[in-house]
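Numbering (my numbering), first residue to last: 746 to 1146.
Comments concern the structure below.
Right under this line is the structure:
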């Protein structure tokens, strides 16, 4: 596997890459991962890896080959290009020393990771099977990153290079299909492999968790968890908090926009920032909220589907999605039956829906109860890993014929 993000990262793509690799190792396969240094979602190097240039380590039966790269604390097109370039250069000059594998799998929001995986598969003459988690060309155009329009063209060329060389291409959502085909991938080589809920159900006492966090009984609490980046458009939550002091808004996580959001929300007493919760506490914090928020800029349509949704659904709390109605995120929330849509970047619309849910506990409970049912029906870990296994097995069959 080639995946820039990997454990101990516990947000975004890292948990999926980790669970796939550990599943293969548990199944008796010798499993190697070419990964970056842990840095996400804070976009700062994990102190444990300070000074490390290259490192090979064993994690749960998986051999992880890490290569140093730049870690831009603030996202611009140039800094992102340097990040991707450093991953590509270091991985190319120092590929993992390992036996010839049966196949090379890539987790792709990383352009460099996709290109590296394609090169390694070509060198070893084995199938190459990427899974598209984010479309980086579309991301550059839609996320609001400085210089994004120019970067989008370069990113699309790199994505096309990586995907056209694949034996089969996995996509996590149907909204990616047209874009992947436009990048030069034949429709018959695309397979749908949705992500799964990689967390466990909450176990703690809800009221005790709220008391520990300082949330008053009867207080309406809206929580956003995960990366605080440009594409999330979290300014809508800051402005919502400013307009209604009676509702507590909690942004839990990290990211390159956190400092900006803290500055923007300075002096707003009902806006609170929390560090990422550890794995043992994460689901209990989500379950302690009254509403879980997922937000995106209005321009974000078909570049990504936030991995936080699978955790939100498992938490059994109603979801408010402040996202474009035609995008993949909106589609997943509607399909789950666990949430409602509001117009993106519209704090008044978001607040109106928060108040409606607070005034109608039965409706809020019905939405929340739909989340775990959706997880059980469609998003179990076993089903998700089985889809990945089937994708690899099919690619091996295609390769042999």
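Where is the CB? At the ideal position from N, CA and C, for every residue including glycine.
| field | Buried versus exposed, by CB contacts within 10 Å (16 or more), residue 902 | value | exposed
| For residue 1054, does the three-state DSSP call read helix, strand or coil? | helix
| Limits of the unbroken beta strand (DSSP E) element including residue 1065 | 1064–1067
| field | Contacts around residue 757, its chain only, beta-carbon distance under 7 angstroms, and the 5 residues preceding and following it disregarded | value | 750, 785, 786, 972, 1052
| Of the residues 1146, 1132, 996, 945, the one placed nearest residue 706, counting alpha carbons only | Past the edges of the chain, shown from 746 to 1146, lies residue 706, and the structure says nothing about it.
| said: Let me check you understand the geometry: is the CB of residue 1065 closer than 7 angstroms to at least one non-hydrogen atom of the ligand SAM? | reply: This structure lacks the ligand SAM, and indeed carries no ligand of any kind.
| query | Which residues in the same chain as residue 797 place their Cβ atom closer than 6 angstroms to its Cβ, once the five residues preceding and following it in sequence are excluded? | reply | none
| message | Within 10 Å of its beta-carbon, does residue 772 have 16 or more other beta-carbons around it, so buried, or fewer, so exposed? | response | exposed
| request: Within 10 angstroms of the Cβ of residue 885, are there 16 or more other Cβ atoms? Answer buried if so, exposed if not. | output: Low confidence applies here, because residue 885 scores a pLDDT of 46, under 50, leaving its location unreliable; read the following figure in that light. Burial call: buried.
| Given residue 752, which residues of its chain have a CB within under 7 angstroms of its CB, disregarding the five upstream and five downstream residues? | 759, 763, 804
| field | Backbone CA spacing between residue 918 and residue 853 [nearest angstrom] | value | 13 angstroms
| Would residue 1050 pass as a contact of residue 1073 if the rule is Cβ separation under 8 angstroms? | yes
| said: Measuring only the C-alpha atoms, how far is residue 1082 from residue 821? | reply: 36 angstroms
| field | Cβ-based burial, residue 937 [other Cβ within 10 Å; buried from 16] | value | exposed
| said: When you compare the stretch 845–861 with the stretch 905–916, are there three or more beta-carbon pairs, one atom per stretch, that lie closer than 8 angstroms? | reply: yes
| In or out: residue 841 buried (at least 16 other Cβ within 10 Å) or exposed? | buried
| If you drop the 5 nearest sequence neighbours on each side, which residues of the same chain put their C-beta closer than 7 angstroms to that of residue 788? | 816, 817, 818, 1000, 1001
| Cβ atoms of residue 911 and residue 875: under 8 angstroms apart, would you say? | yes
| Opposing strand residues paired with residue 1017 [DSSP bridges] | 995
| Does the beta-carbon of residue 799 have 16 or more other beta-carbons within 10 angstroms, so that it is buried, or is it exposed? | exposed
| task | Could you please give me the residues that DSSP links to residue 777 through a beta bridge? | result | 808
| task | Would you kindly work out how many angstroms separate the C-alpha atoms of residue 893 and residue 948, rounded to a whole number? | result | Only weak support is given to the placement of residue 893: the predicted model assigns it a pLDDT of 49, under 50, and the value that follows is read from those uncertain coordinates. C-alpha separation (whole angstroms): 42 angstroms.
| query | Would you call residue 1143 buried or exposed, if buried means 16 or more other Cβ atoms sit within 10 Å of its Cβ? | reply | exposed
| Quick one: what does DSSP say residue 1038 is sitting in, helix, strand or coil? | strand
| field | Same chain, Cβ closer than 8 angstroms to residue 794, neighbours up to 5 away in sequence not counted | value | 782, 783, 800, 811
| query | What does a CB cutoff of less than 8 angstroms around residue 980 pick up in its chain, not counting 5 residues either side in sequence? | reply | 1006, 1009, 1090
| said: Using DSSP's beta-bridge definition, name the partner residues of residue 1113. | reply: According to DSSP, residue 1113 bridges with nothing at all.
| message | Just to check my reading of the structure: residue 941 and residue 776 have Cβ atoms closer than 8 angstroms, yes? What is that Cβ distance to the nearest angstrom? | response | Their Cβ separation, rounded to whole angstroms, is 19 angstroms, which puts residue 941 and residue 776 out of contact at 8 angstroms.
| said: Less than 8 angstroms between the C-beta atoms of residue 1098 and residue 1087, yes or no? | reply: yes
| Rounded to whole angstroms, how far is the Cβ of residue 970 from the Cβ of residue 998, which I believe are closer than 8 angstroms? | 6 angstroms
| said: Are the CB atoms of residue 1062 and residue 1148 within a distance shorter than 8 angstroms? | reply: Because the chain in this structure spans residues 746 to 1146, residue 1148 falls outside the shown range and cannot be described.
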